[in-house]
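> The listed protein sequences derive, respectively, from chains A and B.
Per full-length UniProt numbering: the first sequence = residues 1 to 114.
Per full-length UniProt numbering: the second sequence = residues 1 to 114.
Could you have a look at this structure, given as structure tokens, before my questions?
2 protein chains.
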Amino acid sequence: MYERKIPKKLDCGIAVIMEVIGGKWKSCLIYNINSGLRRPGELQKQNPDASRRVLNQQLKELEEHKIVRRVIYAELPPRVEYFLTEFGESLLPVVRSMEKWGDENKELVIDLLE
Amino acid sequence: MYERKIPKKLDCGIAVIMEVIGGKWKSCLIYNINSGLRRPGELQKQNPDASRRVLNQQLKELEEHKIVRRVIYAELPPRVEYFLTEFGESLLPVVRSMEKWGDENKELVIDLLE
Chain A
1 MYERKIPKKL DCGIAVIMEV IGGKWKSCLI YNINSGLRRP GELQKQNPDA SRRVLNQQLK
61 ELEEHKIVRR VIYAELPPRV EYFLTEFGES LLPVVRSMEK WGDENKELVI DLLE
Chain B
1 MYERKIPKKL DCGIAVIMEV IGGKWKSCLI YNINSGLRRP GELQKQNPDA SRRVLNQQLK
61 ELEEHKIVRR VIYAELPPRV EYFLTEFGES LLPVVRSMEK WGDENKELVI DLLE
């Protein structure tokens, strides 16, 4: 089970959601899985900056937080796919608003990072 | 100036916004500053789980990304206050949707963390 110490201060809604989507790639993974990218290899290809270890760790945490569910197909070689749970789908309005802001401000942010 | 390597893949809007609000406390800081908590001491009190060093680092990054501006009053002892910039205010719809989701799902998330 997820062994992290529960942060004392969860009365702020943002601290609560950051517990769930706080990892760097979690929002991207939720967005990608919702747009049909289900397999670890596809998710890695979509997020080349992330190491496979970090992606697997963050997928594991999303699974433990009941945001995604993992389906293993009894095939050779075994096939794994991720799906959003109903709870995970409740995050889509937030994730979409993040995507929209990022899209609208991409040039500005890239300039700021230089 | 902010020396971080620019991640290669910024074509996904979420990767862009995570560059700006990706730090664990940044969304909380934006929310707190917008609700009138301006001084480092007030922000620390509101986020007791965060060390002063981490808060100062994330405030510095928010300032470098033009999300907040810092005002130093020529008094003894000197007084410092943070304000959202117009660019920072453009994040408020996203931050509010995060706060709302967190508020609505607080009990569920706390159960999941146990």
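Backbone N, C-alpha and C fix where the C-beta goes; we use that ideal spot for every residue, glycine too.
1. Apart from the five residues on each side of it in sequence, which residues of its chain come closer than 6 Å, Cβ to Cβ, to residue 6 (chain A)?
2. Only counting runs of 4 or more residues, tell me where the alpha helix (DSSP H) segments fall wholly within the UniProt domain "HTH hxlR-type" (12–110) of chain A, in order along the chain.
3. Residue 91 (chain A) versus chain B: which residues are under 7 Å apart at the beta carbon?
4. Residue 23 (chain A) and residue 46 (chain A) - do their beta-carbons sit closer together than 7 Å?
5. Sorted by chain position, which residues of the same chain lie with C-beta nearer than 8 Å to residue 55 (chain B)'s C-beta, five sequence neighbours on each side aside?
6. Write down the C-beta distance between residue 16 (chain A) and residue 109 (chain B) rounded to the nearest angstrom, noting that I regard them as a contact closer than 8 Å.
7. Using a C-beta to C-beta distance shorter than 9 Å, which residues of chain A count as neighbours of residue 61 (chain B)?
8. Taking all protein chains shown into account, do 16 or more other C-beta atoms lie within 10 angstroms of the C-beta of residue 27 (chain A), making it buried, or fewer, making it exposed?
9. For residue 22 (chain A), go through chain B and note every residue whose CB falls closer than 7 Å to its CB, in chain order.
10. Given this structure, state the Cα-to-Cα distance separating residue 79 (chain A) from residue 92 (chain A), to the nearest angstrom.
11. For residue 84 (chain A), would you say it is in contact with chain B, using Cβ-to-Cβ distances shorter than 7 Å as the test?
12. DSSP three-state call for residue 113 (chain A): helix, strand or coil?
13. Can you pull the chain A residues whose beta carbon is under 7 Å from the beta carbon of residue 27 (chain B), in chain order?
14. Give the C-beta separation of residue 33 (chain B) and residue 68 (chain B) to the nearest angstrom, bearing in mind that I take them to be a contact with Cβ-Cβ under 8 Å.
15. So is residue 43 (chain B) in contact with chain A if we call contact Cβ pairs under 7 Å?
16. Run down chain A in chain order and give the residues with a C-beta less than 8 Å from the C-beta of residue 35 (chain B).
17. In whole angstroms, what is the alpha-carbon distance linking residue 113 (chain B) and residue 74 (chain B)?
18. Please check if any C-beta of chain A sits within less than 7 Å of the C-beta of residue 112 (chain B).
19. Comparing the C-beta of residue 31 (chain B) with each C-beta of chain A, is any distance below 7 Å?
20. With distances taken from CA atoms, which of B:97, B:31 and B:51 is nearest residue 88 (chain B)?
The relevant details are as follows:
1. As a working mapping, residue 6 (chain A) is identified with position 6 in the first sequence. Because residue 6 (chain A) sits at a pLDDT of 48, beneath the cut-off of 50, its placement in the model cannot be relied upon, and the following sentence gives the value as read from the coordinates. Nothing meets the Cβ criterion.
2. 13–21, 26–34, 40–46, 52–64, 86–89 and 92–104
3. For the purposes of this step, residue 91 (chain A) is identified with residue 91 of the first sequence, where counting begins at 1. Chain B residues near residue 91 (chain A): 101.
4. Numbered from its first residue, the first sequence carries residue 46 (chain A) at position 46. Numbered from its first residue, the first sequence carries residue 23 (chain A) at position 23. Note that the C-beta distance between residue 46 (chain A) and residue 23 (chain A) is not below 7 Å.
5. As a position in the second sequence, residue 55 (chain B) is number 55, starting the count at 1. Cβ within range, chain order: 25, 29, 40, 43, 44 and 47.
6. Counted from its first residue, the first sequence places residue 16 (chain A) at position 16. Counted from its first residue, the second sequence places residue 109 (chain B) at position 109. Their Cβ separation, rounded to whole angstroms, is 5 Å, which keeps residue 16 (chain A) and residue 109 (chain B) in contact under 8 Å.
7. Residue 61 (chain B) sits at position 61 when you count from the first residue of the second sequence. Per Cβ cutoff of 9 Å: no residues; residue 61 (chain B) is ~10 Å from chain A at best.
8. Along the first sequence, read from residue 1 onward, the residue named residue 27 (chain A) stands at position 27. By the 10 Å Cβ count, residue 27 (chain A) comes out buried.
9. Position 22 of the first sequence, counted from the first residue, corresponds to residue 22 (chain A). Result: 24.
10. One-based indexing of the first sequence puts residue 79 (chain A) at position 79. One-based indexing of the first sequence puts residue 92 (chain A) at position 92. Roughly 26 Å between the two C-alpha positions.
11. Against the first sequence, residue 84 (chain A) aligns to sequence position 84. It does not; no Cβ of chain B falls within 7 Å.
12. Here residue 113 (chain A) refers to the residue found at position 113 when the first sequence is read from its first residue. It is helical.
13. Taking the second sequence and counting its residues from 1, the one referred to as residue 27 (chain B) is at position 27. Ordered by position in chain A, the residues that pass the 7 Å Cβ test against residue 27 (chain B) are 14 and 18.
14. On the second sequence, position 33 is the one that residue 33 (chain B) refers to. On the second sequence, position 68 is the one that residue 68 (chain B) refers to. That pair is a contact at about 6 Å.
15. Against the second sequence, residue 43 (chain B) aligns to sequence position 43. Chain A, which has no Cβ nearer than 7 Å to the Cβ of residue 43 (chain B), makes this no.
16. By one-based count along the second sequence, residue 35 (chain B) stands at place 35. Those do not exist, as residue 35 (chain B) stays about 10 Å from chain A at its closest Cβ, beyond 8 Å.
17. Within the second sequence, residue 113 (chain B) is the residue found at index 113, counting from 1. Within the second sequence, residue 74 (chain B) is the residue found at index 74, counting from 1. Residue 113 (chain B) and residue 74 (chain B): Cα-Cα distance of roughly 45 Å.
18. Numbered from its first residue, the second sequence carries residue 112 (chain B) at position 112. Answer yes: the Cβ-Cβ gap between residue 112 (chain B) and chain A drops below 7 Å somewhere.
19. The sequence position of residue 31 (chain B) within the second sequence is 31, counting from 1. So yes, residue 31 (chain B) belongs to the interface.
20. For the purposes of this step, residue 88 (chain B) is taken as the residue at position 88 of the second sequence. Of B:97, B:31 and B:51, the residue nearest in Cα terms is B:31.
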